[in-house]
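Residue numbers (my numbering): 77 to 487. The next block holds one structure in the form of structure tokens; read it before the comments.
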Amino acid sequence: MNMIFRPNQPLALPSDQDATGRTFDEAEIALVAEVLRSGTLTVTKGRFGKSFEAEFAYTLGANHAHFCSSGSAAVHCAIAAINPNPGDEIITTSITDMGALTPILYQGAIPVFADVDPHTGNVTAETIAQRLSPRTKAIIVTHLFGNPCEMTEIHALAQAHHLPIIEDCAQAFLATHANKPVGLWGDLGCFSLQQGKHITTGEGGIVISNNAALARHVYLFINKAWGYGDPNPDHYFIAPNYRGSELQAAVALGQLPKLQGVVQARQKRAAQLTELLTGIDGIETPKIDPRNSPVWWKYPLMVNPNHIEGGAVGLAKMLKEWGIASAPRYIQKPAFRCQIFREQKTFGDSRWPFTLARPEAVDYSAERFSGTFDYLERVLVLPWNERYTEEHVEYIAHAVRECVNTLTKKS
Ligand SMILES: *Cc1c(COP(=O)(O)O)cnc(C)c1O
């Protein structure tokens, strides 16, 4: 039955960039209309932002949640809450969104890149431990593509060194490790509501925490550090305006009840694809820790370049003819190879805060990042979506199989 598929008649796959792959309906429209009719678009006066924060905290099982303008802003708020001194080191990952890295520099701290597991692209307790120093102030982990990091081990390591953990859950709504949702393993959990995430407001973000003092700092950081409601309010410290609006919060309130269904649909289809692609020479389906329940922001396939002509790039090129827009190498290069880090482009020509860094903290030699280079060479990121049907997944599997057949090296 797979024979009905032809590359010259590509099947149109739902896309997270438009209505074909998003879940908006009358619920969001009614909520946005309600905000507009109220005439109150700022969250400082309206009830939608507050309501979304309460609902999101409840959904995750967190004590506190604060809505903000983006996922990058969410990570910035979390770092600000940790309150590093200039030159303090924050261990992070070499494979993540730039929005999770620049806030470290804005807060005067030094991002120290840990290597990743070559099978998952995630940092591990071991790769983090290799980067610990007396100047380490915090650890940031990214749960890449919605597959959780080994939080049991990372949490134990952080406890032993009295270090806070910030979890970047932008790709990992409702993902769990050892039955506990990501975002609650750390001291602060950050989420993005950008267009392509599991739920979206176009742009937006939210931070959760069970620590009241940290959550208070996040709230203040979003609000120019103005102490709304305090007996003698003041602007307490340096902080931007990172607020979202009531309009975005209304969309978020419409999206939130759909989140569990979105996750379940993605999981069901990912299981189908894994089954269809298991055992094909030259490619590997994602390696999942049995303690994890991933939520499949994307479907990362591993391609063996010794077996497949052109490796991940060659396979992606051929999949494009089938109408499948995959991303070989994900972010193309490790974060530390971007100009901002190579040339230390920060404030004017000062290079600050890199001027405060220990040489080892900014040593980006390739041999310290073998897992990173290995992972990026082999990963092929397939787009994933809650609107994929059984037929869509059969089509993707069929296309991958055909392309792999064509590209398999003859020995
Ligand atoms: C999307 C994303 C971000 C940034 O979120 P924005 O809302 O685009 O600012 C940060 N980290 C990760 C892992 C992401 O996927």
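All C-beta atoms, glycine included, are put in the ideal place defined by N, C-alpha and C. Treat the numbers as computed from the prediction; the structure is a model and nothing was measured.
Sequence-distant residues of the same chain with beta carbon closer than 8 Å to A563, five excluded per side
Outside the displayed span of the chain (77 to 487) sits residue 563, for which this structure offers no information.
Applying the criterion that 16 or more other CB atoms from any shown protein chain within 10 Å of the CB defines a buried residue, is N382 buried or exposed?
If you number the sequence shown from 1, residue 382 lands on position 306. Exposed is the call here.
Leaving out five residues on either side along the sequence, give the residues of the same chain with a beta carbon under 6 Å from the beta carbon of A254.
Taking the sequence shown and counting its residues from 1, one reaches residue 254 at position 178. Contacts found: T228 and R367.
Any 3 or more C-beta pairs closer than 8 Å across the region 400-412 and the region 447-456
yes
Counting only the same chain and skipping the five closest in sequence on each side, list residues whose C-beta sits under 7 Å from that of L239.
Position 163 of the sequence shown, counted from the start, is the residue given in the question as residue 239. The answer, listed in chain order, is T212, A214 and I215.
Measure the CB-CB distance between T120 and Y304 and report whether it falls below 8 Å.
On the sequence shown, residue 120 is found 44 positions in, with the first residue counted as 1. On the sequence shown, residue 304 is found 228 positions in, with the first residue counted as 1. In this structure, Y304 lies closer than 8 Å to T120 by Cβ.
Can you tell me where the beta strand (DSSP E) with A141 in it begins and where it stops?
Reading the sequence shown from its first residue, position 65 is the one you call residue 141. From DSSP, the beta strand (DSSP E) with A141 extends over H140 to C144.
State the DSSP-derived secondary structure class of L208, mapped to helix, strand or coil.
Within the sequence shown, residue 208 is the residue found at index 132, counting from 1. Coil, per DSSP.
Mark A325 as exposed unless 16 or more other C-beta atoms lie within 10 angstroms of its C-beta, in which case mark it buried.
Along the sequence shown, read from residue 1 onward, the residue named residue 325 stands at position 249. Buried, because 16 or more other Cβ atoms sit within 10 Å of the Cβ of A325.
Could you give the distance in angstroms between the alpha-carbon of Y134 and the alpha-carbon of K273?
Translated into positions along the sequence shown, residue 134 becomes position 58. Translated into positions along the sequence shown, residue 273 becomes position 197. Near 20 Å, if we compare the C-alpha coordinates of K273 and Y134.
At what residue ranges does the region 367-404 contain a whole run of the beta strand (DSSP E), taking only runs of 3 or more?
374-379
According to the Cβ coordinates, are L269 and I284 closer than 8 Å?
Taking the first residue of the sequence shown as 1, we reach residue 269 at position 193. Taking the first residue of the sequence shown as 1, we reach residue 284 at position 208. Their beta carbons are not under 8 Å apart, which means L269 does not touch I284 by this criterion.
Three-state secondary structure (DSSP) at Q270?
Translated into positions along the sequence shown, residue 270 becomes position 194. Q270: strand per DSSP, three-state reduction.
So the candidates are Y471, D173 and I186; which of them puts its Cα closest to the Cα of I167?
Along the sequence shown, one-based indexing puts residue 167 at 91. When each option's Cα is compared against that of I167, the closest is I186.
Quick one: give me the first and last residue of the alpha helix (DSSP H) that L335 is part of.
Looking up residue 335 in the sequence shown gives position 259. Note, L335: alpha helix (DSSP H), L335 to L353.
Cα-Cα separation between S464 and V199, rounded to whole angstroms:
As a working mapping, residue 464 is identified with position 388 in the sequence shown. As a working mapping, residue 199 is identified with position 123 in the sequence shown. According to the sequence shown, residue 464 is Tyr rather than Ser. Their Cα atoms are separated by approximately 30 Å.
Return the CA-CA distance between E419 and S426, expressed in angstroms with no decimal places.
Here residue 419 corresponds to residue number 343 of the sequence shown, with the count starting at 1. Here residue 426 corresponds to residue number 350 of the sequence shown, with the count starting at 1. Those two C-alpha atoms are separated by around 11 Å.
Distance between G337 and F249 (C-alpha atoms, nearest Å):
Locating residue 249 in the sequence shown gives position 173, counting from the first residue. Locating residue 337 in the sequence shown gives position 261, counting from the first residue. Each residue's alpha carbon lies about 12 Å from the other.
If you drop the 5 nearest sequence neighbours on each side, which residues of the same chain put their C-beta closer than 8 Å to that of E436?
Residue 436 sits at position 360 when you count from the first residue of the sequence shown. Closer than 8 Å at Cβ, skipping near neighbours: S209.
Of all the options E397, P362 and L352, which has the alpha carbon lying nearest to the alpha carbon of I466?
In the sequence shown, counting from the first residue as 1, residue 466 sits at position 390. Reading off the sequence shown, one finds Glu at residue 466, where the question assumed Ile. Closest by alpha carbon: L352.
Who are the Cβ neighbours of R207 in its own chain at under 7 Å, not counting the five residues just before and after it?
Translated into the one-based positions of the sequence shown, residue 207 becomes position 131. Answer for R207: I167, V188 and A190, listed in chain order.
Proximity winner among P257, G137 and L323, relative to R113 (alpha-carbon distances):
Along the sequence shown, one-based indexing puts residue 113 at 37. The option with the nearest alpha carbon to R113 is L323.
Using the Cβ count rule (16 or more neighbours within 10 Å means buried), how would you classify H140?
By one-based count along the sequence shown, residue 140 stands at place 64. Buried, because 16 or more other Cβ atoms sit within 10 Å of the Cβ of H140.
Could you pull out every residue in the same chain whose Cβ sits closer than 6 Å to the Cβ of F128, ignoring the five residues on either side in sequence?
Counted from its first residue, the sequence shown places residue 128 at position 52. Closer than 6 Å at Cβ, skipping near neighbours: F143, A325, A328 and L329.
Which term fits I158, buried or exposed, when burial requires 16 or more other beta carbons within 10 angstroms of its beta carbon?
Counted from its first residue, the sequence shown places residue 158 at position 82. Buried, because 16 or more other Cβ atoms sit within 10 Å of the Cβ of I158.
So for C479, helix, strand or coil by DSSP?
For the purposes of this step, residue 479 is taken as the residue at position 403 of the sequence shown. DSSP places C479 in helix when its eight states are reduced to three.
Given 8 Å as the limit, is there contact between the region 144-154 and the region 257-266, that is, 3 or more CB pairs closer than that?
yes
Is it the case that the CB of G37 approaches a heavy atom of ligand 1 more closely than 7 Å?
Beyond the ends of the chain as shown, which are 77 and 487, falls residue 37; an answer cannot be given.
V371 CB to nearest heavy atom of ligand 1 below 7 Å:
Against the sequence shown, residue 371 aligns to sequence position 295. It does not: the Cβ of V371 is nowhere closer than 7 Å to a heavy atom of ligand 1.
Find out if the Cβ-Cβ distance for the pair T99, E462 is shorter than 8 Å.
Taking the sequence shown and counting its residues from 1, the one referred to as residue 99 is at position 23. Taking the sequence shown and counting its residues from 1, the one referred to as residue 462 is at position 386. Result yes, Cβ atoms of T99 and E462 sit closer than 8 Å.
Tell me whether Q247, by its Cβ, gets closer than 7 Å to a heavy atom of ligand 1.
Locating residue 247 in the sequence shown gives position 171, counting from the first residue. Checking every heavy atom of ligand 1 against the Cβ of Q247, one is found closer than 7 Å.
Based on the DSSP secondary-structure assignment, which residues constitute the bridge partners of F417?
As a working note, residue 417 is residue 341 in the sequence shown. DSSP, once it has assigned bridges, lists no residue as partnering F417.
Hey, how far is the Cα of A473 from the Cα of Y182?
Within the sequence shown, the letter at position 397 stands for residue 473. Within the sequence shown, the letter at position 106 stands for residue 182. For A473 and Y182, the distance between alpha carbons rounds to 43 Å.
Buried or exposed for P307, please, with buried defined as at least 16 other CB atoms from any protein chain shown within 10 angstroms of its CB.
Here the question's residue 307 lines up with position 231 in the sequence shown. The residue in question, P307, is exposed, as its Cβ has fewer than 16 Cβ neighbours within 10 Å.
Going by alpha carbons, who is nearest to E165 out of V438, V476 and Y451?
As a first step, residue 165 is located in the sequence shown; it is residue number 89 there, counting from the start. The candidate whose alpha carbon is nearest that of E165 is V438.
Counted within 10 angstroms of its Cβ, other Cβ atoms place M394 as buried (16 or more) or exposed:
Walking along the sequence shown from the start, residue 394 turns up at place 318. It counts as buried.
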